[in-house]
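Residue numbers (the working numbering): 30 to 216.
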């Protein structure tokens, strides 16, 4: 008897089916971008650009300070499985537009902002890598212990996969920043 779940990220496997895989080539870290625009015309301009690019977004009109924009989600993957989607850079450039009519451009600001976002997301993962690795590698004894430990092991596996993807993403972004600095030194 075989069950094929298809290619799914560990979050979907864990929360939908109660298990996850290590390694999982379909694993992702979901990232959303967002913020508020200083004016309604600027907000509408950003929404128009997002639509033209075919990027997913939602608007929360209920904010006290005006509507807020949420763009994504974007799935970051391991470098071997596709890495960072190009669309996230376009979305970041649109989110950081400050003037009506300004064209979105990917600059070092977007790369630095994305690096900070990934670093913050990595820092927010509960439990340490050492704790999770010890749970993943620990062997269980009784059936009751295996049931409890199995759930803990799957959660630890999920968190460890998130860490690995975020670290690779941060490393990729840092390499982009270093490459840009080297190009500036040559000029």
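Glycine included, C-beta positions come from ideal geometry on N, C-alpha and C.
Since this is a predicted model, take the numbers as computed values, not measurements.
Within the segment 47-88, the runs of beta strand (DSSP E) at least 3 residues long that lie entirely inside it are, in chain order, 58-65. A Cβ-Cβ distance of about 5 Å is found for the pair residue 190 and residue 39, placing them in contact under the 8 Å criterion. For residue 135, there is no enclosing beta strand (DSSP E), as DSSP marks it with neither H nor E.
The alpha-carbon separation between residue 128 and residue 71 amounts to approximately 7 Å. Under the 10 Å beta carbon count, residue 156 is surrounded by fewer than 16 other beta carbons and is classified as exposed. Residue 166 and residue 185 have their alpha carbons spaced roughly 10 Å apart. Residue 190 carries a helical assignment under DSSP once its states are collapsed to helix, strand and coil. For residue 153, there is no enclosing beta strand (DSSP E), as DSSP gives it neither H nor E. Close CB contacts of residue 113 within its chain, under the 7 Å cut and outside five residues either way in sequence, are with 105, 198, 201 (chain order).
Judged by their CB atoms, residue 118 and residue 100 are not nearer to each other than the 7 Å cut-off. For residue 103, DSSP records a beta bridge to 60. In this structure the segment 144-154 does not lie against the segment 79-92, because fewer than three pairs of beta carbons, one per stretch, are closer than 8 Å.
Apart from the 5 residues on each side of it in sequence, residue 36 sits with its Cβ closer than 8 Å to the Cβ of 54, 55 in its chain, given in chain order. Between residue 58 and residue 187, the alpha-carbon positions lie close to 10 Å from each other. Counting along the chain, no alpha helix (DSSP H) covers residue 110, and no H or E run does either. For residue 128, no alpha helix (DSSP H) run applies, since DSSP gives it neither H nor E.
The beta carbon of residue 140 sits closer than 7 Å to those of 202, 205, 206, all from its chain and outside the five residues before and after it, given in chain order.
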